[in-house]
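Residue numbers (the working numbering), protein chains in the order written: chain A, 10 to 210; chain B, 159 to 652. Glycine is no exception: its CB is placed at the ideal position from the N, C-alpha and C atoms. Read through the structure below, which is laid out as structure tokens, and then see the notes.
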Ligand code: HEM
Ligand code: HEM
């Protein structure tokens with residue numbers, strides 16, 4: 010090649026073509042999606058929990074997507090009753106689909122594990138509930154106090170994991186994060202059958 | 159040292175044009191000198207980031223073996239250290255070193271001095287400031303939430319855009335002032351990468367996406383950051399180093415063309431293969447899988463082209479660490495791409511998606527290809543810019559053996575661990591526990607590899623310090639590699 014113009018025009022053409030195909034076109038197509046009636050917009054509290062999910066990097070170990078049963082075991086392993094569809098994510102900004110399943114998928118964790126106290130203890134120390142877990146503990150989402158003040162919610166921590174003295178008090182942050190986790194349930198039917206994805210090649 | 163390369167008359171192509179040019183050593187030294195300031199600054203900053211990123215990578219790795227390690231403080235939690243590792247390595251180490259490499263390559267390939275060198279220096283500093291701000295915010299809990307685009311959109315990203323644009327301006331200004339007719343293949347890759355990076359980075363960071371679009375643009379960006387930025391500049395560097403060190407032209411001009419335009423066309427469409435099975439319209443994912451399979455064309459073209467350039471002269475690797483690393487990096491590029499094409503097939507992806515196989519692939523690409531190529535570039539470029547030789551062949555040898563051996567262990571261990579994890583995630587009768595316990599021994603092995611690689615990085619940083627800041631290297635009076643000394647084996651070749 011001898012011409013800069015060929016280089017720059019060619020290079021721009023390819024990347025802009027891809028941008029149109031993979032970003033601009035889908036954006037206009039997807040803008041017509043309707044939120045399924047059963048999918049409630051997130052509350053303030055759930056959004057606060059969601060931003061803690063982002064800032065503490067849960068996404069690097071957990072996905073939020075259920076794939077087609079024809080080539081995965083997602084549904085037979087109880088991650089959901091149907092594959093996830095674009096409508097399920099309509100309120101998500103940014104998306105939290107994830108790329109690693111170091112821990113289980115959380116798309117329907119609210120349906121699978123509805124118990125608040127389980128989640129609180131699990132966040133404080135996963136190994137108190139699941140001995141083989143390699144999930145990090147998040148003690149900084151709790152307060153460690155000599156004794157509880159009125160109105161404090163005290164977390165019951167089993168012996169080997171409890172601090173030597175004082176009590177563990179649940180913070181607003183931990184409550185918000187658990188609210189968010191419990192809100193993760195997509196057990197309503199998929200909005201329309203056309204959106205049920207066919208099998209990939 | 160003579161920079162003249164005699165080439166056989168049979169190669170009727172632009173590579174011949176370029177190597178026919180007779181350039182005096184003084185002239186080349188003047189080109190190297192013109193970019194001295196930004197080139198040295200960039201390499202210095204890159205090595206600092208490499209060390210920071212190594213510590214972050216090590217901590218991330220150890221946390222898999224000891225999940226309660228350093229968990230008391232929010233800023234040390236895995237979910238912050240790991241993205242900090244990614245951002246520091248990709249934008250700090252690799253990208254900053256790539257700035258220097260581009261700024262050094264362009265004057266030589268355009269046969270003119272570097273233009274707007276001060277803008278380039280400023281660009282590198284602004285970029286570094288942006289990254290430092292972004293990383294601190296990330297560790298403090300301010301993340302934009304998209305993998306590869308975590309850095310704060312308000313405080314960090316504008317600085318990164320400005321920094322890359324300034325470096326890019328210097329590159330393009332130099333190109334516009336070129337004194338050669340033909341554009342050598344490295345020029346295509348390096349020059350195109352800057353506008354590519356700016357377009358994808360700005361598109362990726364616009365805060366206008368919601369729901370699955372946000373996933374689409376996330377992976378459009380991340381894949382192109384790999385394919386149209388990290389890959390391209392390093393291919394450009396390898397295309398320069400191989401023929402230069404061996405002293406014969408690139409095997410085929412046509413294969414170079416196929417490799418470049420094939421990559422530009424197909425790579426840009428690859429992004430959705432990170433979301434196979436995900437909740438996107440299926441035509442998008444099918445497009446990316448098809449484009450991934452088509453990548454076989456540019457990958458094989460580049461592989462053959464580079465292999466045939468070196469073939470028969472592999473022995474020269476004994477004398478040049480830069481050549482050794484460039485050859486390993488070129489082979490790793492072929493390997494990681496073939497692995498990637500395999501991973502993009504649904505039948506393989508159903509097993510390996512979401513597992514540590516992807517991490518093995520990442521490091522095969524970003525380490526065995528990108529990082530080794532950058533090390534090779536630094537071994538070649540630093541002595542020429544500093545006008546002294548690397549002080550110790552023992553340190554060079556130790557560095558290459560530690561990082562090469564460590565990374566092979568890393569990739570093999572996680573490759574096996576990832577497949578076991580994936581099979582267990584698919585097995586109907588196995589609980590999630592099996593996927594964790596069966597991977598742990600392999601994760602432990604990765605941590606062992608992490609220690610070995612880190613030792614290699616310390617050796618390299620120490621050696622670079624000796625070269626740049628002491629007079630040890632200047633005791634070697636000859637120009638670089640004047641005296642043919644085997645570097646990687648003790649004995650001289652017969
Ligand atoms: C000392 C050497 C290194 C060690 C010990 C190391 C370790 C790690 C660890 C533990 C992770 C997280 C894996 C997970 O989430 O399961 C990771 C991810 C990553 N590392 Fe490294 N790393 C090293 C060098 C590098 C270098 C030099 C680069 C780039 C130039 C790099 C780029 C990345 C990227 C891009 C990811 C994200 C991968 C993905 O999301 O698939 N690493 N690394
Ligand atoms: C033709 C070439 C390639 C193809 C088809 C390809 C394919 C893929 C696929 C399918 C994935 C997603 C895996 C998953 O999540 O299940 C992936 C991830 C990745 N690839 Fe490649 N790859 C190619 C070349 C490369 C090269 C050359 C590099 C490095 C320079 C690279 C670096 C990465 C990284 C870092 C990731 C992880 C991204 C993340 O999750 O953060 N790949 N690749």
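Near ligand 2: residue i beta-carbon under 7 Å from a heavy atom
| i | result |
| --- | --- |
| residue 448(B) | no |
| residue 428(B) | yes |
| residue 467(B) | no |
| residue 305(B) | yes |
| residue 259(B) | no |
| residue 527(B) | yes |
| residue 499(B) | yes |
| residue 507(B) | yes |
| residue 495(B) | yes |
| residue 510(B) | yes |
Extent of the continuous alpha helix (DSSP H) to which residue i belongs
| i | result |
| --- | --- |
| residue 152(A) | Element bounds for residue 152(A): not the alpha helix (DSSP H) but the beta strand (DSSP E), 151-154. |
| residue 395(B) | 389-404 |
| residue 49(A) | Here residue 49(A) belongs to no alpha helix (DSSP H), and DSSP marks it neither H nor E. |
| residue 24(A) | 13-28 |
| residue 186(B) | 183-192 |
Best match in the options for proximity to residue i [C-alpha to C-alpha]
| i | options | result |
| --- | --- | --- |
| residue 318(B) | 562(B), 281(B), 487(B), 548(B) | 281(B) |
| residue 267(B) | 448(B), 254(B), 286(B), 333(B) | 333(B) |
| residue 601(B) | 583(B), 577(B), 614(B) | 577(B) |
| residue 231(B) | 24(A), 139(A), 28(A), 145(A) | 145(A) |
| residue 175(A) | 185(A), 183(A), 164(A) | 164(A) |
| residue 357(B) | 40(A), 58(A), 193(A), 29(A) | 29(A) |
| residue 11(A) | 186(B), 303(B), 415(B), 275(B) | 415(B) |
| residue 191(A) | 21(A), 116(A), 46(A), 139(A) | 116(A) |
| residue 393(B) | 374(B), 417(B), 411(B) | 417(B) |
| residue 606(B) | 626(B), 592(B), 569(B) | 569(B) |
| residue 185(B) | 467(B), 542(B), 581(B) | 542(B) |
| residue 360(B) | 316(B), 368(B), 369(B), 223(B) | 316(B) |
| residue 619(B) | 476(B), 553(B), 430(B) | 553(B) |
| residue 111(A) | 432(B), 567(B), 579(B), 229(B) | 579(B) |
| residue 379(B) | 468(B), 347(B), 430(B) | 430(B) |
Per DSSP, the bridge partner or partners of residue i
| i | result |
| --- | --- |
| residue 109(A) | 512(B) |
| residue 164(A) | 177(A) |
Closer than 7 Å: residue i CB and nearest ligand 1 heavy atom
| i | result |
| --- | --- |
| residue 608(B) | yes |
| residue 216(B) | yes |
| residue 244(B) | yes |
| residue 240(B) | yes |
| residue 612(B) | yes |
| residue 524(B) | yes |
| residue 232(B) | no |
Residue i to residue j span [Cα, whole Å]
| i | j | result |
| --- | --- | --- |
| residue 503(B) | residue 364(B) | 31 Å |
| residue 538(B) | residue 434(B) | 41 Å |
| residue 293(B) | residue 311(B) | 12 Å |
| residue 198(A) | residue 436(B) | 17 Å |
| residue 526(B) | residue 120(A) | 43 Å |
| residue 208(A) | residue 86(A) | With a pLDDT of 41 at residue 208(A), under the threshold of 50, the modelled position of this residue cannot be trusted; read the value that follows with caution. Computed Cα separation, rounded: 19 Å. |
| residue 386(B) | residue 354(B) | 6 Å |
| residue 147(A) | residue 225(B) | 11 Å |
| residue 63(A) | residue 189(A) | 12 Å |
| residue 345(B) | residue 32(A) | 29 Å |
| residue 465(B) | residue 489(B) | 8 Å |
| residue 521(B) | residue 161(A) | 47 Å |
| residue 659(B) | residue 201(B) | Residue 659(B) is absent from the structure shown; chain B starts at 159 and stops at 652. |
| residue 18(A) | residue 351(B) | 13 Å |
| residue 613(B) | residue 67(A) | 30 Å |
| residue 210(B) | residue 203(B) | 11 Å |
| residue 624(B) | residue 194(B) | 18 Å |
| residue 609(B) | residue 530(B) | 17 Å |
| residue 524(B) | residue 628(B) | 31 Å |
| residue 96(A) | residue 42(A) | 6 Å |
| residue 442(B) | residue 200(A) | 20 Å |
| residue 195(A) | residue 40(A) | 21 Å |
| residue 106(A) | residue 236(B) | 18 Å |
| residue 532(B) | residue 252(B) | 7 Å |
| residue 288(B) | residue 314(B) | 4 Å |
| residue 249(B) | residue 83(A) | 35 Å |
CB contact below 8 Å: residue i versus chain C
| i | result |
| --- | --- |
| residue 65(A) | Within the model displayed, chain C is absent; protein chains A and B are what it includes. |
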